[in-house]
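Heads up, the thing below is written out as structure tokens.
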Amino acid sequence: MSENYFDEYVLQGGITMLALLPLSIFTLGIILQRFLELRSSRVMPHDLIEEAKSISNQQAFDSFRERLTTLSSPLAKVILAYIEAGERGESIHPDVNPTPIDDVMDKLYQSLSSLSTAYVIAPLLGVLGTTIGIMGTFEQFAIVGKRDMSALVSAIDKSLITTMWGLVIAVPAYFFYAIMQNKIFRYERDQFPRLLKEIMKNFAPFIKLNPIDSFDRTNTEHDHHGSPPTL
Numbered sequence: 004m005s006e007n008y009f010d011e012y013v014l015q016g017g018i019t020m021l022a023l024l025p026l027s028i029f030t031l032g033i034i035l036q037r038f039l040e041l042r043s044s045r046v047m048p049h050d051l052i053e054e055a056k057s058i059s060n061q062q063a064f065d066s067f068r069e070r071l072t073t074l075s076s077p078l079a080k081v082i083l084a085y086i087e088a089g090e091r092g093e094s095i096h097p098d099v100n101p102t103p104i105d106d107v108m109d110k111l112y113q114s115l116s117s118l119s120t121a122y123v124i125a126p127l128l129g130v131l132g133t134t135i136g137i138m139g140t141f142e143q144f145a146i147v148g149k150r151d152m153s154a155l156v157s158a159i160d161k162s163l164i165t166t167m168w169g170l171v172i173a174v175p176a177y178f179f180y181a182i183m184q185n186k187i188f189r190y191e192r193d194q195f196p197r198l199l200k201e202i203m204k205n206f207a208p209f210i211k212l213n214p215i216d217s218f219d220r221t222n223t224e225h226d227h228h229g230s231p232p233t234l
């Protein structure tokens, strides 16, 4: 029975199935991978949140800031970006300066581009396979010269296999793309701003403004006099 299904829904789909089958596996893998990456425990690790909220002195803050450079979670990247913004003299309030959140969320949105590509390409490949199949069917009928309608219907039915596969790939890809896009949107507009307000309020006393102007002047003196800057 399984061989009959494989023959009916795969082999008879023609050469286009060489692209549609790998695309279906690729799409399923991307959906699973992105779902794992967008879990709340990965995007906003609970232990990182608790550690950030517990910072109460300069030494703990400096140690935490250093550790942020080794972490890959989106929350860690956003916190570090706000700390660096504060060191440059920029606002660390998410409502005033949403750029660090926007930058990280843009990367999360871009990570969904492969799914959007899949739900666009799959139906096109399916239609291409159907078109090739129907063209071949009409060519054979023209050569043989027969008018057997049952054979024509059977041939067209086989040609539609690739269209079915294209839709089977595209519909779940679009569905999960919309779900994950909405999940990122909630991170961007609600959860991250609300959490960052609390964290950055706690960090504000420990963020030191870097003397950018004096640093630039020191580098200029170094260029002219050949002596290293004194930091």
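Quick note: to get the working numbering, add 3 to the position in the sequence shown (first position is 1).
Ideal placement from N, C-alpha and C gives every residue a C-beta, glycine not left out.
Cβ neighbours of S94 in the same chain (closer than 6 Å, five flanking residues each side left out): The sequence position of residue 94 within the sequence shown is 91, counting from 1. Closer than 6 Å at Cβ, skipping near neighbours: N100.
Count the other C-beta atoms from every protein chain shown that fall within 10 angstroms of the C-beta of L39, then say buried if there are 16 or more, exposed otherwise. Walking along the sequence shown from the start, residue 39 turns up at place 36. Exposed.
In this structure, how does DSSP classify G17 when only helix, strand and coil are distinguished? Numbered from 1 along the sequence shown, position 14 holds the residue referred to as residue 17. Coil, per DSSP.
Sequence-distant residues of its chain with Cβ nearer than 6 Å to S27 (five each side left out): Against the sequence shown, residue 27 aligns to sequence position 24. I172.
Close-in-space but distant-in-sequence residues of the same chain around G169 (CB under 6 Å, 5 per side omitted): Counting from one through the sequence shown, the residue named residue 169 turns up at place 166. Contacts found: A125, P126, L128 and G129.
Among R68, F29, L35 and P77, the one whose alpha carbon lies nearest that of K211: The residue you call residue 211 lines up with position 208 of the sequence shown. K211 has its Cα closest to that of R68, out of R68, F29, L35 and P77.
Compute the distance between the beta-carbons of L35 and S76, then report whether it is under 8 Å. Here residue 35 corresponds to residue number 32 of the sequence shown, with the count starting at 1. Here residue 76 corresponds to residue number 73 of the sequence shown, with the count starting at 1. Not a contact, by the Cβ cut-off of 8 Å.
Which residue from L198, R192, N205 and I202 puts its Cα closest to that of D109? On the sequence shown, position 106 is the one that residue 109 refers to. Residue R192 is the option with its Cα nearest to D109.
In whole angstroms, what separates the C-alpha of M203 from that of I82? Within the sequence shown, numbered from 1, the residue matching residue 203 stands at position 200. Within the sequence shown, numbered from 1, the residue matching residue 82 stands at position 79. Each residue's Cα considered, the two are about 8 Å apart.
CB of F179 within 8 Å of CB of I86, strictly: By one-based count along the sequence shown, residue 179 stands at place 176. By one-based count along the sequence shown, residue 86 stands at place 83. Not closer than 8 Å, so no.
Which first and last residues belong to the alpha helix (DSSP H) in which F209 is found? As a first step, residue 209 must be located in the sequence shown, where it is residue number 206. That residue, F209, is in no alpha helix (DSSP H); it is neither H nor E in DSSP.
Going by Cα to Cα distance, which pick from V46, I33, T133 and S157 is closest to I18? As a first step, residue 18 must be located in the sequence shown, where it is residue number 15. It is T133.
By alpha-carbon positions, which one of I137, K161 and T120 ends up nearest to A175? The residue you call residue 175 lines up with position 172 of the sequence shown. One detail in the question is off: residue 175 reads as Pro in this sequence, not Ala. The shortest C-alpha separation from P175 is found at T120.
When you compare only the Cα positions, how much space is there between D65 and S117? Here residue 65 corresponds to residue number 62 of the sequence shown, with the count starting at 1. Here residue 117 corresponds to residue number 114 of the sequence shown, with the count starting at 1. Approximately 38 Å, taken between the alpha carbons.
If L199 and P97 are in contact, beta carbons under 8 Å, what's the gap, nearest whole angstrom? As a position in the sequence shown, residue 199 is number 196, starting the count at 1. As a position in the sequence shown, residue 97 is number 94, starting the count at 1. Their Cβ separation, rounded to whole angstroms, is 5 Å, which keeps L199 and P97 in contact under 8 Å.
Taking only the alpha-carbon atoms, compute the straight-line gap between I33 and Q194 and give it to the nearest angstrom. Here residue 33 refers to the residue found at position 30 when the sequence shown is read from its first residue. Here residue 194 refers to the residue found at position 191 when the sequence shown is read from its first residue. Those two C-alpha atoms are separated by around 25 Å.
Proximal residues to V107 (C-beta, below 6 Å), its chain only, five neighbours per side dropped: Numbered from 1 along the sequence shown, position 104 holds the residue referred to as residue 107. Sequence-distant Cβ neighbours of V107 in its own chain, meaning closer than 6 Å and more than five residues away, are P77, K80 and V81.
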